[in-house]
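Please read the structure below before turning to the comments.
Protein chains: 2
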Amino acid sequence: MNNPLIPPPRGFEHSEFEQRTQKLQHEMEKQGIDAVFFSTEPEFRYFSGFKSQFWESPTRPWFLVVPSQGVPIAVVPEIGVAGFELTWIEDVRSWPSPRPEDDGVSLLTETLAEVSQRFLRIGAMLGPETHLRMPADNFSLLKENLTKFDFVDVSEIVRGIRSVKSSAEIEKIRFACEVAAGGFEYLLNHLQAGMTEREACKAMHLEMLRLGADSCPYLISASGQGGYDNIIMGPTDRKLDEGDILIIDTGANFEGYFSDFDRNYGFGRVDAQAQRAYEAVYQSTDAGLNTAAPGRTTGDVWQAMWSVLEDAGALGNDVGRMGHGLGMQLTEWPSNVPGGDVILQAGMVLTLEPGMTFAPGKMMVHEENILITDNGCEMLHQRAWPTMPIIG
Amino acid sequence: MNNPLIPPPRGFEHSEFEQRTQKLQHEMEKQGIDAVFFSTEPEFRYFSGFKSQFWESPTRPWFLVVPSQGVPIAVVPEIGVAGFELTWIEDVRSWPSPRPEDDGVSLLTETLAEVSQRFLRIGAMLGPETHLRMPADNFSLLKENLTKFDFVDVSEIVRGIRSVKSSAEIEKIRFACEVAAGGFEYLLNHLQAGMTEREACKAMHLEMLRLGADSCPYLISASGQGGYDNIIMGPTDRKLDEGDILIIDTGANFEGYFSDFDRNYGFGRVDAQAQRAYEAVYQSTDAGLNTAAPGRTTGDVWQAMWSVLEDAGALGNDVGRMGHGLGMQLTEWPSNVPGGDVILQAGMVLTLEPGMTFAPGKMMVHEENILITDNGCEMLHQRAWPTMPIIG
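Going down the list, the sequences are from chains A and B. If you read the first sequence in my numbering, its first letter stands for residue 345, the second for the next number, and so on. If you read the second sequence in my numbering, its first letter stands for residue 345, the second for the next number, and so on.
Set out below in structure tokens:
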């Protein structure tokens with residue numbers, strides 16, 4: 345059992361929320377948008393600083409309205425009002441919720457109408473990788489209530505702003521990464537044949553919490569003789585045995601920011617084919633690290649990593665991408681995909697996630713978390729071992 | 345540190361998914377609905393048995409289509425296909441995702457058109473306490489693709505089916521409750537003045553995981569001299585001191601099923617006013633336990649609990665309800681509200697959550713988890729202490 349790591353400060357200066365909001369308002373002005381409303385936790389928190397686990401309950405909708413100037417307006421259930429005292433939000437409007445016959449729709453309608461009189465254009469998150477956290481019937485009703493207004497998608501604007509992290513955000517992500525790295529190191533000394541996948545994950549879960557994670561909402565594993573066939577299910581009660589390869593992929597969370605990377609462990613002995621696959625994927629990460637830099641694209645990063653895997657005889661990759669943005673959500677825009685045209689900028693936090701099917705039904709996937717710097721990129725945590733570690 | 349509790353079996357028999365699906369298909373037939381599609385994790389899991397933490401990533405949409413007869417059809421990203429091997433789903437259709445220009449919309453369109461030729465009516469979750477987990481623009485596109493079909497809300501049907509739990513579901517919830525009760529007992533012996541709220545919650549988090557919880561996605565606290573002013577924020581770094589009252593409210597999770605209840609602790613000494621409030625709220629729970637039974641309504645339960653609080657001088661309650669359904673989500677339909685007309689049935693799992701503001705800025709909230717039985721109700725875990733426990 346290790347000592348807790350020293351965490352960075354919690355929360356953010358109010359000036360940081362002001363800067364985030366001003367960036368959005370600047371883009372709104374350019375596109376002739378009067379106001380934007382948000383309904384999902386990450387965006388609500390990003391612009392308001394309101395952080396609560398209460399979003400776990402799906403009963404009540406919560407709305408944040410960002411007008412063209414000044415501070416956002418919270419349109420929230422009464423139960424949440426006290427939670428805004430410490431935020432930079434001043435105008436908090438509430439209704440007694442749950443009230444299924446009108447759960448915030450009339451109050452949101454009034455608020456949006458009030459602040460959208462210049463262009464009659466209202467922004468919302470409508471595009472890829474988003475959803476509206478409100479009943480679809482209520483969104484229809486909102487649009488009916490506001491027929492003289494246009495609703496336009498702002499997901500592209502918002503993802504652009506959110507993808508470049510501040511130094512305070514980066515420190516939180518880095519800490520979440522260090523905690524996960526500590527958990528993987530711990531497993532190196534505590535895994536043994538005969539444990540189940542579930543026991544292995546539980547041991548790591550406890551260790552990450554002890555090291556300082558607030559929570560570990562994502563902690564999956566897969567295993568099999570000489571390889572595994574998926575990276576999104578598990579952990580199961582499958583017992584780890586000699587000849588197995590185990591992957592654990594985790595997203596630890598600190599102060600609302602995620603890490604997201606994995607590690608592979610061999611048990612007793614590892615087939616030469618699997619060890620070769622491990623080393624090829626490790627070299628693929630090298631290629632990613634050498635490519636990821638300001639001015640390069642997500643497609644460049646994908647191509648650099650894939651070339652190595654192709655040369656190593658990859659049969660395919662059904663993950664659909666080899667890494668993605670990371671921050672307030674376990675996965676964020678952009679994705680490292682073939683032909684990806686998103687230009688990397690300093691301050692972006694990404695995962696490099698090279699992976700391949702190296703034999704029928706057998707995958708090898710690595711993942712690391714990086715920060716794009718002025719000159720290239722840097723790892724946010726200790727890197728994977730260059731050869732697959734053998735347990736026992 | 346306690347020994348782990350003995351958990352009930354994981355997963356469900358395939359026949360249980362079949363029965364759930366048939367109940368839905370029976371209601372669909374009555375309402376002339378050809379097919380229903382789901383996009384959110386609880387419904388997807390409820391009808392398919394597909395359980396994965398991968399939903400934590402917002403990038404890819406997942407769809408389950410329930411036709412009028414037979415087994416549901418999965419319409420999912422390629423990365424998920426291997427996860428269906430152990431489910432009762434046979435027809436798994438996939439696309440390479442992420443593919444923002446068509447992330448499942450054309451495949452979902454084809455699938456729905458194929459199975460909706462009789463009434464041309466498609467059901468979806470559009471009503472209260474739901475959302476669609478897909479980009480709003482994609483839902484618009486789906487409706488454009490299927491203009492000759494009507495889209496109708498099935499949230500009322502689905503919540504009706506889901507609200508009555510099977511014995512296998514109840515055992516999972518009961519276990520999640522026992523783990524949380526064990527965590528609260530542990531705190532009784534391990535809390536001390538000088539700890540922060542965050543340290544108290546972390547100690548309980550670790551203990552619940554050791555006892556057998558898979559995760560604890562909800563673990564909040566609030567504290568203050570003689571009372572607290574909210575129940576949805578925290579934990580903070582506030583140090584617990586003599587004269588404080590601490591509330592912790594947690595949702596432990598086992599195999600995808602939640603508990604959701606709280607406990608209050610006094611530090612050193614407790615004001616007589618707060619102790620009286622504690623006892624009044626305890627008696628309010630008694631009234632709820634004596635009322636909750638098949639044939640009674642959620643309004644009856646609310647009224648029974650509120651009468652006690654009113655007599656005790658309650659200044660108000662800004663939680664908006666005094667308990668709710670519980671199961672695959674931390675909070676589920678129905679709510680115990682004034683005038684609530686939902687008739688309780690055996691097999692429903694509810695929380696009783698009486699609470700009041702007993703002095704300006706000071707709340708007292710209790711919560712317990714119950715099962716509606718043939719004759720009344722039963723607690724799913726050890727009950728709160730009849731007087732507020734004093735730490736130190």
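For glycine and all other residues, C-beta sits at the position ideal for the given N, C-alpha and C.
Would residue i pass as an interface residue toward chain B - the criterion being a Cβ-Cβ separation below 9 angstroms?
i, result
"Met469/A", "yes"
"Gln375/A", "no"
"Thr365/A", "no"
"Asp378/A", "no"
"Arg503/A", "no"
"Leu688/A", "no"
"Ser651/A", "no"
"Leu563/A", "yes"
"Val681/A", "yes"
"Val625/A", "no"
"Arg354/A", "yes"
"Val508/A", "no"
Just list the residues that DSSP pairs residue i with in beta bridges.
i, result
"Asp644/B", "According to DSSP, Asp644/B bridges with nothing at all."
"Tyr562/A", "Gly595/A"
"Trp677/B", "In the DSSP output, where bridge partners are listed per residue, Trp677/B has none listed."
"Gln569/A", "Asp588/A"
"Thr540/B", "Lys583/B"
"Thr695/A", "Asn713/A"
"Arg607/B", "Ile592/B"
"Lys395/A", "In DSSP, Lys395/A forms no bridge with anything."
"Arg437/B", "Val419/B"
"Leu408/A", "Phe382/A, Ala418/A"
"Cys721/A", "Ile716/A"
"Asp497/A", "Ala468/A"
"Lys739/B", "Because residue 739/B is not part of the residues shown, which for chain B are 345 to 736, the question remains open."
When you compare the CB of residue i with every CB in chain A, is at least one pair closer than 9 angstroms?
i, result
"His370/B", "no"
"Thr642/B", "no"
"Glu711/B", "no"
"Val422/B", "The displayed chain sequence assigns Glu, not Val, to residue 422/B. Taking Cβ atoms only, chain A reaches closer than 9 angstroms to Glu422/B, which makes this a yes."
"Asp447/B", "yes"
"Ser396/B", "yes"
"Val523/B", "no"
Let me know if residue i comes out buried or exposed under the rule of 16 or more other beta-carbons within 10 Å of its beta-carbon.
i, result
"Asp718/A", "exposed"
"Pro405/B", "buried"
"Trp434/B", "Position check: residue 434/B holds Glu in this sequence, whereas Trp was assumed. Exposed, by the Cβ-count rule."
"Ala524/B", "buried"
"His370/A", "exposed"
"Gly610/A", "buried"
"Arg613/B", "exposed"
"Arg665/B", "buried"
"Asp685/A", "exposed"
"Glu522/A", "buried"
"Asp604/B", "buried"
"Asn597/B", "buried"
"Asn634/A", "exposed"
"Arg462/A", "exposed"
"Lys509/A", "buried"
"Gly632/B", "buried"
"Gly376/A", "exposed"
"Gln536/A", "exposed"
For the region 471-500 of chain A, which residues have a CB atom closer than 7 angstroms to at least one CB atom of chain C, in sequence order?
No chain C appears in this structure, whose protein chains are A and B.
Can you pull out the residues from the region 534-561 of chain A whose beta carbon lies closer than 8 angstroms to at least one beta carbon of chain B?
Lys546, His549, Leu550, Leu553, Arg554, Ser559, Cys560, Pro561
Short-range partners of chain A found in the region 427-445 of chain B, where Cβ spacing is below 7 angstroms
Gly427, Pro440, Ser441, Pro442, Pro444
Pull out every residue of the region 657-678 of chain A whose Cβ sits closer than 9 angstroms to any Cβ of chain B, in chain order.
Asp662, Val663, Gly664, Arg665, His668, Gln673, Leu674, Thr675, Glu676, Trp677
Near-chain B residues of the region 569-598 of chain A (beta-carbon distance less than 8 angstroms), N- to C-terminal order:
Asp573, Asn574, Ile575, Ile576, Met577, Asp581, Gly595
Can you pull out the residues from the region 398-419 of chain B whose beta carbon lies closer than 7 angstroms to at least one beta carbon of chain A?
Phe398, Glu400, Ser401, Pro402, Thr403
Would the region 490-505 of chain A count as touching the region 455-470 of chain A if we require 3 or more Cβ pairs under 8 angstroms?
yes
Say whether the region 532-546 of chain B touches the region 566-579 of chain B, bearing in mind that this needs 3 or more beta-carbon pairs closer than 8 angstroms, one atom from each stretch.
yes
Using a Cβ distance threshold of 8 angstroms, determine whether the region 665-682 of chain A contacts the region 399-416 of chain B, with at least three qualifying pairs required.
yes
Take every Cβ of the region 450-459 of chain B, pair it with every Cβ of the region 407-420 of chain B, and state whether three or more of those distances are shorter than 8 angstroms.
yes
Check each residue of the region 606-618 of chain B: if its Cβ is closer than 8 angstroms to any Cβ of chain A, include it; give the result in chain order.
none
Is it a yes or a no for the region 469-487 of chain B touching the region 425-441 of chain B, going by three-plus beta-carbon pairs under 8 angstroms?
no
Is there contact here, the region 688-696 of chain A with the region 636-649 of chain A, by at least three beta-carbon pairs under 8 angstroms?
yes
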